[in-house]
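*Asks:*
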Amino acid sequence: MQLPKVLDLTAAAPLAQSLLSRRGAVLSVDASRVDRVGAQCLQVLLAAAATWKTDGVRFSLVKPSAEFLEGGRLLGIELDQDLSGRGRA
46 MQLPKVLDLT
56 AAAPLAQSLL
66 SRRGAVLSVD
76 ASRVDRVGAQ
86 CLQVLLAAAA
96 TWKTDGVRFS
106 LVKPSAEFLE
116 GGRLLGIELD
126 QDLSGRGRA
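Numbering (our numbering), first residue to last: 46 to 134.
1. So, helix, strand or coil for SER63, using DSSP?
2. Examine the ligand MG and report whether any of its heavy atoms sits within less than 6 angstroms of the Cβ of VAL82.
3. Helix, strand or coil: how does DSSP classify ASP100 here?
4. Thinking C-beta only, is VAL74 closer than 7 angstroms to LEU106?
5. Output the boundary residues of the alpha helix (DSSP H) element that contains LEU119.
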């Protein structure tokens, strides 16, 4: 799943819907194109990672952009650790 360039407040609901439609399947989230990320979308991604972990399904973050990681860092979240390798393959 490729994330859009801008993950702001208006992107949060569509992101949540897109993730929900993939629930139960192994999911790799590509954050390489993200230029800007907001707290709401980070919350959606963290909730998805927790859901996949609870379901026992692998959820991983791949190729996070520097901007994506910095957005999380500014909010006190280590995104490459908190969103990677959750659940089983």
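By construction, the Cβ of each residue, glycine as well, lies at the ideal position given by its N, Cα and C atoms.
Bear in mind the structure is a predicted one, so any value in this text is a computation, not a measurement.
*Replies:* Let me spell this out:
1. The residue given as residue 63 occupies position 18 in the sequence shown. Of the three classes helix, strand and coil, the one that applies to SER63 here is helix, per DSSP.
2. Annotation note on the ligand MG: not contained in the displayed structure, which lists no ligands.
3. Taking the first residue of the sequence shown as position 1, residue 100 is located at position 55. The answer is helix: DSSP assigns ASP100 an H, G or I state.
4. Residue mapping note: residue 106 aligns to position 61 of the sequence shown, counting from 1. Residue mapping note: residue 74 aligns to position 29 of the sequence shown, counting from 1. A contact, by the Cβ cut-off of 7 angstroms.
5. Position 74 of the sequence shown holds residue 119. Under the DSSP assignment, LEU119 falls in the alpha helix (DSSP H) whose first and last residues are 111-119.
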